[in-house]
Amino acid sequence: DAGVTQSPTHLIKTRGQQVTLRCSPKSGHDTVSWYQQALGQGPQFIFQYYEEEERQRGNFPDRFSGHQFPNYSSELNVNALLLGDSALYLCASSQRDRWMEQYFGPGTRLTVT
Amino acid sequence: GDSVTQMEGPVTLSEEAFLTINCTYTATGYPSLFWYVQYPGEGLQLLLKATKADDKGSNKGFEATYRKETTSFHLEKGSVQVSDSAVYFCALSDRYVNNNDMRFGAGTRLTVKP
Numbered sequence: 154d155a156g157v158t159q160s161p162t163h164l165i166k167t168r169g170q171q172v173t174l175r176c177s178p179k180s181g182h183d184t185v186s187w188y189q190q191a192l193g194q195g196p197q198f199i200f201q202y203y204e205e206e207e208r209q210r211g212n213f214p215d216r217f218s219g220h221q222f223p224n225y226s227s228e229l230n231v232n233a234l235l236l237g238d239s240a241l242y243l244c245a246s247s248q249r250d251r252w253m254e255q256y257f258g259p260g261t262r263l264t265v266t
Numbered sequence: 149g150d151s152v153t154q155m156e157g158p159v160t161l162s163e164e165a166f167l168t169i170n171c172t173y174t175a176t177g178y179p180s181l182f183w184y185v186q187y188p189g190e191g192l193q194l195l196l197k198a199t200k201a202d203d204k205g206s207n208k209g210f211e212a213t214y215r216k217e218t219t220s221f222h223l224e225k226g227s228v229q230v231s232d233s234a235v236y237f238c239a240l241s242d243r244y245v246n247n248n249d250m251r252f253g254a255g256t257r258l259t260v261k262p
C-alpha cells in the first residue's frame, strides 16, 4: 500500500514566479492537509481539503491556494513567489472520521532565488 | 491561540541513556496531544498520541503522559538507540477549536552516539 506521495521532490523557482505542488493521499484517505516547514522550524498549517473544498485555513496569504480532485489528490499553488516561501512543503492525508491519524508525505523542497 | 513549546535542542546522548524531551502547551479547549518523529529526508511519522488528561501514549519504547495540571506532554524513553536519532515534534490539535489544524512545536533534534 503506497503511502502519501508528493511531487516533485525538489524545485527551484525565481521570485515572482508561480509554482504547483502535487500530493496523492494514502489509499482510503479522503482529507488532505498542507503544511509549510521552514528550515529548523516545525510545520505550519496552510489549509485542509475535504470533498474538494477548502475546509480550514491557517494564517497564510491568498497567494497560497489549492485544489482537491475527485480522486482525493491535491495541488498547492503559490503565486508571486517570495524568498521567504523557500521551505519544505508537506502534505498529510487522513480519513475524515479518523482525523487524528495524519500520514505525512516526504515533502517537496522549494527554493526561491 | 493554541500553541506548543518544546525544549530547544540539539540533544546528544550516548546509547542506552535515558531521554526526556519537554513539551508544554497552551490551549483554550481540550486538545489532543501528539509526538511526531522526522528521520532525515523523510516526512513526519506519528510516534504516539493522547486524547485526554492522564492518558499515556506509548510506542516503540517511547512514552508521554497528558498532564492537564502542568499543561505538559513530555516525551521519555528509558534506553535510547542510535536508530532513535531524528527530530522530534510535539503537536496539538483540537477538533472543536481549530478543526483539525495541527499546531507543531519547533522540533528537538536528538543525536544518539554509540
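Protein chains in written order, with the numbering used here: chain E, 154 to 266; chain U, 149 to 262. Glycine included, C-beta positions come from ideal geometry on N, C-alpha and C. Owing to the predicted nature of the structure, the values given are computational and were not obtained by experimental measurement.
- Listed in chain order, the positions of the segment 156 to 190 of chain U with a beta carbon within less than 9 Å of a beta carbon of chain E are S180, F182, Y184, Q186, G189, E190.
- Along the segment 211 to 259 of chain E, the beta strand (DSSP E) occurs as fully enclosed runs of 3 or more residues at 217 to 221, 227 to 231, 240 to 248, 251 to 257, listed in sequence order.
- With the rule of 3 Cβ pairs closer than 8 Å, the segment 170 to 189 of chain U counts as touching the segment 150 to 159 of chain U.
- DSSP places S186 of chain E within a strand segment (E or B) once states are collapsed to three.
- Taking the C-beta atoms as reference points, F221 of chain U is found no nearer than 8 Å to A201 of chain U.
- If you look at G149 of chain U, you'll find it isn't in any beta strand (DSSP E); DSSP assigns it neither H nor E.
- Contact with chain U is absent for G219 of chain E, since none of that chain's Cβ atoms lies less than 8 Å from the residue's Cβ.
- Under the three-state reduction of DSSP, V228 of chain U is assigned to coil, being neither helix nor strand.
- Taking 8 Å as the CB threshold, F221 of chain U stays off the interface with chain E.
- Within the DSSP secondary-structure output, L195 of chain U pairs in no beta bridge.
- Identification of chain E residues near K200 of chain U by a Cβ-Cβ cut-off of 9 Å yields none; the smallest Cβ-Cβ distance measures about 12 Å.
- When only Cα atoms are considered, R216 of chain E and I169 of chain U end up about 36 Å apart.
- For H163 of chain E, DSSP records a beta bridge to E:R262.
- Judged by beta-carbon spacing, Y178 of chain U lies within the 8 Å limit of D242 of chain U, meaning their Cβ atoms are closer than that value.
- For E254 of chain E, the nearest CB of chain U lies under 8 Å from its own CB, placing it at the interface with that chain.
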